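Novice: Below: one structure in C-alpha cells.
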Amino acid sequence: MRTTALASFAALAALILAAPPATADVIEVTPTGDLRAAIAGLRPGDELVVRGGTYTMSSRFGVTIVGTAAQPIVIRAADGEQPVIVRPNADQNIWDLERAEHVTIRGLSFRGGSAGLRISAADHLTIERCEIADTADVALRANDGGVTYRALLIRDNHIHDTGGTGEGMYLGCNNDGCRVVDSVIERNYIHHTNAADVTQGDGIELKEGSAGNIIRDNVIHDTHYPCILVYATAGNGPPNVIERNAMWGCGDHAIQAAADAVIRNNLILGSVANGIAMQPHQAGTPQNLTVVHNTVLHATNDAIRVSGMTGSVVIANNALYARAGNAIAASGDTGQLTVAGNRGVGTVSGVTGGFTVGALTELTQASYGGAPPMDLFPMAGSGLVGGGAPAHVVDDDFNGRPRGGAADVGAYAFAAGGNPGWPIGPGPKTVPAGAGPDGGTDPGDGDDGGGCCQTGGGRPSGAGLVAGAVAVIGLARRRRGGRSRGR
0 MRTTALASFA ALAALILAAP PATADVIEVT PTGDLRAAIA GLRPGDELVV
50 RGGTYTMSSR FGVTIVGTAA QPIVIRAADG EQPVIVRPNA DQNIWDLERA
100 EHVTIRGLSF RGGSAGLRIS AADHLTIERC EIADTADVAL RANDGGVTYR
150 ALLIRDNHIH DTGGTGEGMY LGCNNDGCRV VDSVIERNYI HHTNAADVTQ
200 GDGIELKEGS AGNIIRDNVI HDTHYPCILV YATAGNGPPN VIERNAMWGC
250 GDHAIQAAAD AVIRNNLILG SVANGIAMQP HQAGTPQNLT VVHNTVLHAT
300 NDAIRVSGMT GSVVIANNAL YARAGNAIAA SGDTGQLTVA GNRGVGTVSG
350 VTGGFTVGAL TELTQASYGG APPMDLFPMA GSGLVGGGAP AHVVDDDFNG
400 RPRGGAADVG AYAFAAGGNP GWPIGPGPKT VPAGAGPDGG TDPGDGDDGG
450 GCCQTGGGRP SGAGLVAGAV AVIGLARRRR GGRSRGR
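Mapped onto numbering that gives the first Met the number 0, the consecutive letters of the sequence shown carry residue numbers 0 to 486.
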C-alpha cells in the first residue's frame with residue numbers, strides 16, 4: 000500500500016510539475032519607467048502597481064489588455080499614492096483602450112488630451128476611483144461603430160471640466176450604431192461639463208440601442224446639456240434603470256429619456272428646461288417608461304413632461320414642485336398613461352387625477368434656488384408621508400433604505416429622526432453598504448487565506464502525501480508567479 004501511495008504521489012507530482020507555470024506577477028512602474036511597455040506586457044492575472052508622480056503622454060497611447068474571468072488584470076495606483084497621467088495637448092486622447100477584457104483600472108488621474116479615455120472594444124472592463132479632467136473633448140467615450148460593449152463597471156470616478164463636445168460619459172452610438180449593454184455606472188461625481196467652448200456637455204449620455212444598464216447613485220451638476228440622457232433600447236434588451244441620482248444646474252433637462260427606461264428615486268434640484276422630460280429622440284418615442292418616487296423642484300418650467308407618447312408611461316408617487324409651470328404635462332397618445340399618487344406644487348396639463356396639491360414646506364429645507372444647500376426629506380405629518388399609491392411603491396429609496404411597502408411620496412422613505420443618509424451637496428454620494436439591490440460601497444479587495452492540516456501526530460498517509468504534494472507544489476507555483484517585476 001505504501002509503495003502504491005508513493006507511486007501515486009510521484010505520478011501526480013510529475014503531472015503538476017509538467018503543467019505550464021503560473022505567470023501572474025505584481026509589477027511596479029514609476030514615472031521614470033516605461034508605462035507603455037509595462038501595460039503592453041501584462042498577462043492574465045497580472046497586477047500593475049503605478050507609483051505616484053506624473054506620467055506625460057507624448058505619442059498616441061493605444062493598448063490592448065486581455066485578462067480572463069479567472070485571471071483578470073488590474074492596473075492600479077500604489078496604496079496612498081497618486082499617479083497622474085497627463086497629455087499636455089489635444090492631438091491625441093490620453094489613453095486609447097483598443098481592447099480591454101476582464102480588466103480593472105483603479106485610482107489613476109487622467110488630465111488633458113482630446114478625450115480622456117477612449118474605449119474601442121471592451122468586455123468586463125472596470126474603471127473605478129479614477130479622475131478624468133481638463134479634457135479638450137469628452138472625458139470617457141465608448142462609441143466605436145459596430146461594437147457591443149458588455150459588462151462595463153464605471154464607478155466612484157471624479158469627472159469634471161471638459162471641453163469641446165464635453166460629455167462626461169458618451170456611451171454607445173447614434174441610431175444603434177454601437178451599444179453598451181448590461182453595464183453599471185454608479186457613484187460617480189460629474190460636474191462642470193459646461194465651459195464656454197462646450198457644445199453639448201451631457202453628464203451621462205447613453206445612446207440608442209444600449210440596454211439593460213443601471214445608472215445609479217451619481218451626483219451630477221453644472222452641465223451644458225441634460226445631466227442624464229438615455230435613448231430607446233431598440234429591442235436589444237431590458238429597459239435601462241436610472242435611480243438614486245442627485246442633480247442640479249443641468250443646462251437642459253435634468254433627465255431626458257426617449258423610451259424603455261425606469262426612472263426612480265432621483266433628486267432634481269433645478270435645471271434650465273424641464274425636470275424629467277420624455278420625448279421622441281432618433282427612432283425612440285415615449286413608451287415603456289416608468290417614472291416613480293422622484294423628487295423634482297423647478298422654478299420656471301415643468302417638473303415632468305411627456306411629449307409625443309406612443310405607448311405605456313407610468314408617472315406615480317413623485318414629489319413635484321413647479322413654481323411657474325406644470326407639475327405634470329402630457330401629450331400624444333395618452334391612452335396608456337397612468338398617473339397616480341403624485342403630490343406637490345404646480346398645474347397639470349393633459350392628465351386627469353393622480354396629482355394632489357401640497358406645499359414646498361412639506362420638505363425639510365427646500366427652495367427654488369436650484370442648488371444646495373437643501374434637504375428634501377419629507378416633514379413629519381406632511382401629505383408626503385403615506386400619501387402615495389401603494390400599487391406603485393418600489394423596494395427602496397434614494398438612500399437605498401427599504402420602503403417596506405410604505406407609500407411615501409418622493410425619493411425618500413420617511414423616518415422619524417430625519418434624513419439618515421447623505422446630505423445633498425457637491426462631492427460624491429455616500430452609499431451605505433448593502434443599499435438597495437447590489438448597492439453600497441464594496442468591501443475592498445482581499446487575499447484568500449490558506450492552510451494545511453495533518454491528521455493526528457504521526458506520519459502522513461498515502462492520501463495525505465498526495466494532498467500535501469498538491470498544496471506544496473501549488474504554493475511553490477504561486478510564490479514563483481507572485482514575485483514583483485519592476486519596470
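Cβ coordinates follow ideal geometry from the N, Cα and C atoms, glycine included. Fair warning: this is a prediction, and the values are worked out from it, not measured in the lab.
(1) Less than 7 Å separating the Cβ of R215 from some heavy atom of the ligand MG?
(2) Who are the near neighbours of G200 in its chain, counting only those whose CB is closer than 6 Å to its CB and skipping five residues on each side?
(3) Could you have a look at G445 and say whether DSSP puts it in helix, strand or coil?
(4) Kindly identify the DSSP beta-bridge partner or partners of S108.
(5) Would you mind sorting V356 into buried or exposed? The rule is 16 or more other CB atoms within 10 Å of its CB.
(6) With three or more C-beta pairs closer than 8 Å as the rule, is the region 320–328 touching the region 385–398?
(7) According to DSSP, is R243 part of a helix, a strand, or is it coil?
(8) Excluding the five sequence neighbours on either side, which residues of its own chain have a C-beta within less than 6 Å of the C-beta of V305, listed in chain order?
(9) Taking DSSP as the reference, what is the three-state secondary structure of Y230?
(10) Report the partner residues of E204 according to the DSSP bridge assignment.
(11) Count the other CB atoms within 10 Å of the CB of N239; is the residue buried (16 or more) or exposed (fewer)?
(12) Can you give the Cα-Cα distance for P427 and H220, rounded to whole angstroms?
(13) Can you tell me whether N316 is helix, strand or coil according to DSSP?
(14) Within 10 angstroms of the Cβ of Q91, are there 16 or more other Cβ atoms? Answer buried if so, exposed if not.
(15) Run through DSSP, which three-state label would Q488 get?
(16) Looking only at its chain, what residues have a beta carbon closer than 6 Å to the beta carbon of D136, apart from the 5 residues adjacent to it on each side?
(17) Can you tell me where the alpha helix (DSSP H) holding I38 begins and where it ends?
(18) Out of curiosity, what's the CA-to-CA distance linking R42 and P71?
(19) Which of the three DSSP states, helix, strand or coil, is assigned to G426?
(20) Roughly how many whole angstroms lie between the Cα atoms of A412 and P377?
(21) Roughly how many angstroms lie between the CA atoms of A39 and A132, to the nearest whole one?
(22) Confirm, please, whether the CB-CB distance from G386 to A406 is below 8 Å.
(23) What did DSSP end up calling A377 once you bin it into helix, strand or coil?
(24) Considering only the beta carbon of each residue, do A120 and D95 sit closer than 8 Å?
(25) Using only alpha-carbon positions, find the residue among G61, G424, T294, L170 that is nearest to G145.
(26) Report the rounded CA-to-CA distance for E80 versus F109, giving the unit in angstroms.
(27) Check for me: the beta strand (DSSP E) holding N341 runs from which residue to which?
(28) So, with DSSP's three-state summary, where would you put L151?
(29) Assuming V408 contacts L383 (C-beta within less than 8 Å), just tell me the rounded distance between them.
(30) Using the Cβ count rule (16 or more neighbours within 10 Å means buried), how would you classify P82?
(31) Going by DSSP, which residues form a beta bridge with G122?
(32) Return the bridge partner residues of Y411 from the DSSP annotation.
(33) What residues are listed by DSSP as bridge partners for C249?
(34) Is it buried or exposed for D259, if we count other Cβ within 10 angstroms and need 16 for buried?
(35) Measuring CA to CA, which of N174, H280, I227, R215 is closest to V183?
(36) Mind checking whether L296 and I327 have CB atoms under 8 Å apart?
Specialist: Reading it off the structure:
(1) Because no ligand of any kind appears in the structure shown, any question about the ligand MG cannot be addressed here.
(2) G165, T192, N193, T222, H223, Y224
(3) The predicted position of G445 is uncertain, since its pLDDT is 36 and thus under 50; a value taken from the coordinates is nonetheless stated next. G445 falls in the coil class under three-state DSSP.
(4) V83, E130
(5) So V356 ends up on the exposed side.
(6) With the rule of 3 Cβ pairs closer than 8 Å, the region 385–398 does not count as touching the region 320–328.
(7) coil
(8) M277, P285, V312, A329
(9) coil
(10) Y169, L228
(11) Classified as buried, N239 has 16 or more neighbouring CB atoms from the shown chains inside 10 Å of its CB.
(12) Near 11 Å, if we compare the C-alpha coordinates of H220 and P427.
(13) Taken through DSSP and simplified to helix, strand or coil, N316 comes out as coil.
(14) Buried, since its Cβ has 16 or more Cβ neighbours within 10 Å.
(15) Given a span of 0 to 486 for the chain in the structure shown, any question on residue 488 remains unanswerable.
(16) S113, A114, G163, T164
(17) 34–39
(18) Straight-line Cα distance between these residues: approximately 9 Å.
(19) coil
(20) Cα to Cα, the separation comes out at about 8 Å.
(21) 25 Å
(22) yes
(23) Residue identity check: residue 377 is Pro in the sequence provided, not Ala. Three-state DSSP puts P377 in a strand.
(24) Note that the C-beta distance between A120 and D95 is not below 8 Å.
(25) Its Cα nearest to that of G145, the residue L170 stands out among G61, G424, T294, L170.
(26) 14 Å
(27) 341–348
(28) Coil.
(29) That belief holds up - the Cβ atoms of V408 and L383 are roughly 4 Å apart, short of 8 Å.
(30) When all chains shown are included, P82 counts as buried.
(31) According to the sequence as given, residue 122 is Asp; it is not Gly. Partner(s): E100, R149.
(32) Answer is none; Y411 lacks a bridge partner.
(33) S270
(34) buried
(35) R215
(36) no
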